[in-house]
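Just below is one structure, and these are the notes that go with it.
There are 2 protein chains.
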Amino acid sequence: MYREQRKEETETAGHGFMPGLAVDAVIFGFHDQQLKVLLMQYKKTGIFALPGGFIREKENLNDAAERVVSERTALKDIYLEQFYAFGDYDRYDPKPLKTIMTANGVIPEDDHWLLQRFISVSYYALVDFTKVVPMPDRIFDGCAWYDLANIPELMQDHSLIIRKALTALRADLDNKLVAFNLMPEEFTMSELQTLYETILGKNLLRPAFQRKLLSLGILERVAKKWTGGAHKAPYLYRFISENN
Amino acid sequence: MYREQRKEETETAGHGFMPGLAVDAVIFGFHDQQLKVLLMQYKKTGIFALPGGFIREKENLNDAAERVVSERTALKDIYLEQFYAFGDYDRYDPKPLKTIMTANGVIPEDDHWLLQRFISVSYYALVDFTKVVPMPDRIFDGCAWYDLANIPELMQDHSLIIRKALTALRADLDNKLVAFNLMPEEFTMSELQTLYETILGKNLLRPAFQRKLLSLGILERVAKKWTGGAHKAPYLYRFISENN
DNA sequence: TTATTATTGTAACATATTGTTACAATAATA
DNA sequence: TATTATTGTAACAATATGTTACAATAATAA
């Protein structure tokens, strides 16, 4: 929700943005064997929300989503999937926004454009956790990773949006082979398996997993990784995209 | 695009609708071994378009989609899947709408609300062809079925929307078992197979198809159907939903 | 009545995929 | 040099899917 806009943009209807339309992003990362989601926290009020934004008047919808994610992660070339447009009339509760605005010294009128109904076109993004620099801004105190298993209470229907994002991610896991976007360039087979297990929420058998992924022909074995552990060193793998 | 609205609604910005937002529906039917799509044809100009509409100020997005499909098919309890929000800036070409408005005696100003940019949240609907009564209205001459294999040139990006709808339908075919919504209550196994083959665009082997579908435990064998053909009579089947 | 014909329902087998157990090959440490 | 934990993969089992084959009709023709 609202950020990066100059004062007159928060005050006047839209001002260069499409009215009634927002983009929200569920940005997934993977670290310490945990799926993480990047969340924003509003100044003073402490209310949590998904990173989001609005669509500029001449901006493609998908570009708006990419911009929103770029602004919060300092990344470019982001893997994004649009998964649902949330449009129930009562999804938009003006109370938290009123609280936030009041706490920040703006006394909003009831017909303020930010208090109107919004439809949110939602995307999930898959990013390399190690490359992200979480970026707060003037409006948000916080921009930080939270374990998916331990998400704080969120504004409006943002918890539902995260749940639906996870469902979409699970469905895309086999079809679109999206998991590699959550890994660093090189990774071991067991790291990859842990990621799959975390996303799917269930354990997988190691030999079957390894056989399956190698048979896809999309992994290149790079080198060995000496972990320092008292055991055989695992191979490192790299994802081979079609254009390489 | 625009329909059912009283004159002032076409003239003033939105008037009870959310601005900049539309809902479009790819309504699939199945008849004569062909997948069909319900298309609208504008009066006088002959321009083809998908059935669509706008979202009322206090209406749920999904309800708007259901209303749009109901208005064109005279059905209720429609199987709907939201599959994508189309939001490229240049998807909205004002020319065909200008042509249509001019042909219908409205001289539009350049900032007329209908000529502005729209984002289309698109749904596909699966309906029983035999139960549909195609409903034109004051704005549209035509509301009729067209073979998916033989769609006329459509307004704006509506051809792309149909292509994406078919992709989504194919993906949902196995996961969500949606095909039954395109069939009458009772059907033979070969009719069902033909539907699957038409949607997937490839032939399936009969014994494997029958074995697979029976093993799902979602079909109830009802009676035999004497086709009048010189061969064994096939069984009729009915889909068993969970709540029956 | 009795072949003939086209299609249906399903068994039977072949092949491919996935689930499971087992074990040799390490890399560090004791 | 033994011990330990983990890796890579072979080998077998169980399922699922692909394919061939054939008996069981329901109409028509002989």
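Top line first, the protein sequences correspond to chains A and B. Going by this note's numbering, the letters in the first sequence line up with residues 59 to 302, in that order. Going by this note's numbering, the letters in the second sequence line up with residues 59 to 302, in that order. Virtual Cβ for every residue (Gly too), placed ideally from N, Cα, C.
For chain B, check one thing: does any of its Cβ atoms lie closer than 7 Å to the Cβ of residue i?
{"i": "Tyr137/A", "result": "no"}
{"i": "Ala143/A", "result": "yes"}
{"i": "Ala291/A", "result": "no"}
At a CB-CB cut-off below 8 Å, which residues of chain B make contact with residue i?
{"i": "Glu124/A", "result": "Here the premise fails: no neighbours, minimum Cβ distance about 12 Å."}
{"i": "Asp308/A", "result": "No statement about residue 308/A is possible, as the shown extent of chain A runs from 59 to 302 and does not include it."}
Can you list, in chain order, the residues of its chain whose CB lies under 7 Å from that of residue i, leaving out five sequence neighbours each side?
{"i": "Asp215/A", "result": "Phe144 and Arg149"}
{"i": "Ile220/A", "result": "Val84, Val95 and Ile209"}
{"i": "Lys317/B", "result": "Residue 317/B lies beyond the stretch modelled for chain B, which goes from 59 to 302, so this question has no answer here."}
{"i": "Leu218/B", "result": "none"}
{"i": "Lys65/B", "result": "Reliability fails at Lys65/B, whose pLDDT of 40 lies under 50, so the model's placement of it is uncertain and the value that follows must be treated cautiously. Nothing meets the Cβ criterion."}
{"i": "Pro152/A", "result": "Leu173"}
{"i": "Pro242/A", "result": "Asp186 and Thr188"}
{"i": "Met159/A", "result": "Pro166"}
Within the same chain, show all residues whose beta-carbon is closer than 6 Å to that of residue i, passing over the 5 residues directly before and after it, in chain order.
{"i": "Asn162/A", "result": "none"}
{"i": "Leu97/A", "result": "Phe106 and Tyr204"}
{"i": "Leu206/B", "result": "Leu93 and Val95"}
{"i": "Lys101/B", "result": "Asp199"}
{"i": "Glu67/B", "result": "Per-residue confidence for Glu67/B stands at a pLDDT of 41, beneath the threshold of 50, marking its modelled position as unreliable; no derived number is given."}
{"i": "Pro154/B", "result": "Ile105 and Met213"}
{"i": "Glu281/B", "result": "Looking at the sequence provided, one finds Ala at residue 281/B rather than Glu. For Ala281/B, where only same-chain residues beyond five positions count, the Cβ hits under 6 Å are Leu294."}
{"i": "Asn122/A", "result": "The sequence shown places Ala at residue 122/A, rather than the Asn named in the question. These residues qualify, in order along the chain: Val81 and Ile113."}
If we define contact as Cβ-Cβ less than 7 Å, is residue i a contact residue for chain A?
{"i": "Pro77/B", "result": "yes"}
{"i": "Leu235/B", "result": "no"}
Along chain A, which residues have their Cβ under 9 Å away from the Cβ of residue i?
{"i": "Val179/B", "result": "Ala143, Gly145, Ile177 and Val179"}
Find the residues of chain A that neighbour residue i, judging by a C-beta separation of less than 8 Å, and give them in chain order.
{"i": "Gln306/B", "result": "The question about residue 306/B has no answer here: the residues shown for chain B are numbered 59 through 302."}
Could you pull out every residue in the same chain whose Cβ sits closer than 8 Å to the Cβ of residue i, ignoring the five residues on either side in sequence?
{"i": "Leu271/A", "result": "Met247, Leu250 and Leu277"}
{"i": "Asn302/B", "result": "Any reading at Asn302/B needs caution, since the residue's pLDDT is 48, under 50, leaving its predicted position unreliable; the model's value is listed next. Correct list: empty, nothing qualifies."}
{"i": "Leu320/A", "result": "This structure cannot speak to residue 320/A, because chain A is shown only from 59 to 302."}
{"i": "Thr157/B", "result": "Thr103 and Ile105"}
{"i": "Met193/B", "result": "Glu129, Arg130, Thr131, Ala132 and Cys201"}
{"i": "Ile257/A", "result": "Leu93, Leu224, Leu227, Arg228, Leu231 and Ala237"}
{"i": "Leu235/A", "result": "Leu274 and Ile276"}
Check whether the region 250–259 of chain A touches the region 72–91 of chain A, taking contact to mean three or more Cβ pairs, one atom from each stretch, closer than 8 Å.
Segment contact: the region 250–259 of chain A against the region 72–91 of chain A, three or more CB-CB distances shorter than 8 Å; contact assigned.
Using 8 Å as the cut-off, can you tell me whether the region 94–109 of chain A makes contact with the region 205–219 of chain A, which would need three or more C-beta pairs spanning the two stretches below that distance?
Short answer: they touch.
Sufficient close CB pairs (3 or more, under 8 Å) joining the region 134–144 of chain B to the region 198–206 of chain B:
Proximity of the region 134–144 of chain B to the region 198–206 of chain B falls short of the contact definition, fewer than three beta-carbon pairs being nearer than 8 Å.
Contact between the region 111–131 of chain B and the region 236–250 of chain B is defined here as three or more beta-carbon pairs at a separation below 8 Å; is this criterion met?
When C-beta atoms of the region 111–131 of chain B are compared with those of the region 236–250 of chain B, fewer than three pairs fall below 8 Å, so the two segments do not count as touching.
Could you tell me whether the region 239–246 of chain B touches the region 287–294 of chain B, using the rule of 3 or more Cβ pairs below 8 Å?
Yes, since at least three Cβ pairs between the region 239–246 of chain B and the region 287–294 of chain B fall closer than 8 Å, the two stretches touch.
Hey, is the region 170–184 of chain A in contact with the region 77–89 of chain A, meaning 3+ C-beta pairs nearer than 8 Å?
The region 170–184 of chain A is in contact with the region 77–89 of chain A.
The region 127–136 of chain B touching the region 181–194 of chain B, judged by at least three CB pairs closer than 8 Å
The answer is yes - the region 181–194 of chain B touches the region 127–136 of chain B, with three or more Cβ pairs under 8 Å.
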